[in-house]
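Here the structure comes first, spelled out in structure tokens, and everything after it is commentary.
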Amino acid sequence: MPHTPFPSPTECRPCTEEELLHLYCSGDFVARGSILAVTDKPRLDLTSLTIRASKIFQQTYPVFGHGHAHPHRTSAERGTQRDAEDEEENDISFSSLVEEGSYIGKVVMPMQCGARWGDGEFLVMGVMRLGQPLMRCAPRYEEWLALTRRAQSQAQCILES
């Protein structure tokens with residue numbers, strides 16, 4: 034069984050409103066975007082999500098890069114030649130989907146969470162864990178907007194949208 038840097042099943046549960054507000058203010062990356070692809074990596078016990086971000090609110094590490102530029106590949110993703118070939122094929126197929134002014138990034142989450150593609154925009158938030166961008170919360174963007182209206186006075190920082 035592969036060793037995973039994500040030991041707790043609580044990583045898979047939906048975030049509470051308090052957790053969303055806290056992570057927005059203190060997370061390592063926060064971006065508004067849509068999911069382009071979801072790829073399970075059974076050897077690593079991870080799921081990799083390719084995100085097209087239309088707006089980056091914060092990132093302490095270069096998770097999202099401009100359009101066709103390659104975002105930094107994590108040490109766990111460097112893997113084999115086959116992984117590199119698969120990623121190259123994905124980059125080519127995504128090139129037509131990348132809009133000018135958008136950003137592309139890859140984030141991971143435990144495979145046990147069963148991540149899947151979803152239509153629409155999300156607020157993708159997470160932390161860097163063992164050199165990997167771990168997506169912790171991803172509410173639909175409309176849900177985030179509703180929360181910001183209700184919680185503006187409770188937040189630890191200015192809530193942008």
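If you're matching positions, the sequence shown starts at 34 in our numbering and goes up one per residue.
We put the CB at the ideal spot given by N, CA and C, even for glycine.
Using the beta-carbon count (16 or more within 10 Å), is residue i buried or exposed?
i: residue 64; result: buried
i: residue 164; result: exposed
i: residue 177; result: buried
i: residue 189; result: exposed
i: residue 49; result: exposed
i: residue 191; result: exposed
i: residue 166; result: buried
i: residue 138; result: buried
i: residue 94; result: exposed
i: residue 60; result: buried
i: residue 66; result: buried
i: residue 143; result: buried
Tell me the DSSP secondary structure of residue i in three-state form.
i: residue 76; result: coil
i: residue 48; result: coil
i: residue 56; result: helix
i: residue 89; result: strand
i: residue 71; result: strand
i: residue 82; result: strand
i: residue 116; result: Caution is warranted here: a pLDDT of 48 is assigned to residue 116, below 50, making its placement in the model unreliable, and no coordinate value can be reported.
i: residue 96; result: coil
i: residue 110; result: With a pLDDT of 44 at residue 110, under the threshold of 50, the modelled position of that residue is not reliable, and the figure given next carries that caveat. DSSP places residue 110 in helix when its eight states are reduced to three.
i: residue 122; result: Model confidence at residue 122 stands at a pLDDT of 43, short of 50, so the residue's coordinates are unreliable; what they give is reported in the following sentence. It is helical.
My guess is that residue i and residue j are in contact by the Cβ rule of under 8 Å, so how many angstroms apart are they, rounded?
i: residue 169; j: residue 56; result: 6 Å
i: residue 171; j: residue 156; result: 7 Å
i: residue 141; j: residue 80; result: 7 Å
i: residue 158; j: residue 97; result: Their Cβ separation, rounded to whole angstroms, is 12 Å, which puts residue 158 and residue 97 out of contact at 8 Å.
i: residue 58; j: residue 145; result: No, residue 58 and residue 145 are not in contact; Cβ-Cβ is about 28 Å, not under 8 Å.
i: residue 89; j: residue 150; result: Wrong, their Cβ atoms sit about 21 Å apart, outside the cutoff.
i: residue 173; j: residue 153; result: 6 Å
Original post:
How about the stretch 178-189 and the stretch 81-95: do they share at least three Cβ pairs that are nearer than 8 Å?
Top reply: no
Subject >> Sequence ranges, alpha helix (DSSP H) only - wholly within the stretch 127-187, length at least 4 >> reply: 174-184
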